[in-house]
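Novice: The sequence shown maps to residues 122 to 221 in this note's numbering.
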Amino acid sequence: MEPTPIKVYISGPMTGYPDWNFPAFHQRADELKEAGYDPINPAENFDGQTDLPREVYMKEDIGQLIGCDCITFLPGWQSSRGAALEALVAIECGIKPLED
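1. Count the other CB atoms, across all protein chains shown, that sit within 10 Å of the CB of GLU75; report buried if there are 16 or more and exposed otherwise.
2. Going by beta carbon distance, what residues of the same chain come within less than 6 Å of SER201, once the five residues before and after it are set aside?
3. Output needed for TYR158: all residues of its chain with C-beta closer than 7 Å, excluding positions within five of it in sequence on either side, in chain order.
4. Confirm the yes/no value for this check: CB of PRO144, any heavy atom of the ligand MN, distance under 7 Å.
5. Check each candidate in ILE187, PRO218 and LEU173 and name the one with the smallest Cα separation from LEU195.
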């Protein structure tokens, strides 16, 4: 029986970025898959719909994050309210940053 892959949540900025920064999220997900991880990519939520209230996205994202083993951050995450919240939740829940 193969071990379960480590689930890694991808956190990063979306608001104010072209295409909501989805290409960067997808690229990181591909890199994680190639390295044997199970990436959890919030850019895949809601079939790419971007016009829902912010709290809808954040509730889904935080729910996914809580089920992960690690978190990884995209460039610019420190300037993102959502990613900063995800970082705080990860710290408080003992979800470690992925060592790159």
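Every residue gets a Cβ at the ideal spot worked out from N, C-alpha and C, and that includes glycine.
All figures in this text were calculated on a predicted structure; none of them were measured in a lab.
Specialist: In short, the structure shows the following:
1. Nothing can be reported for residue 75: it is not among the residues displayed for the chain, which extend from 122 to 221.
2. PRO134
3. PRO126, ILE127 and VAL129
4. The ligand MN is not part of this structure, which contains no ligands at all.
5. PRO218
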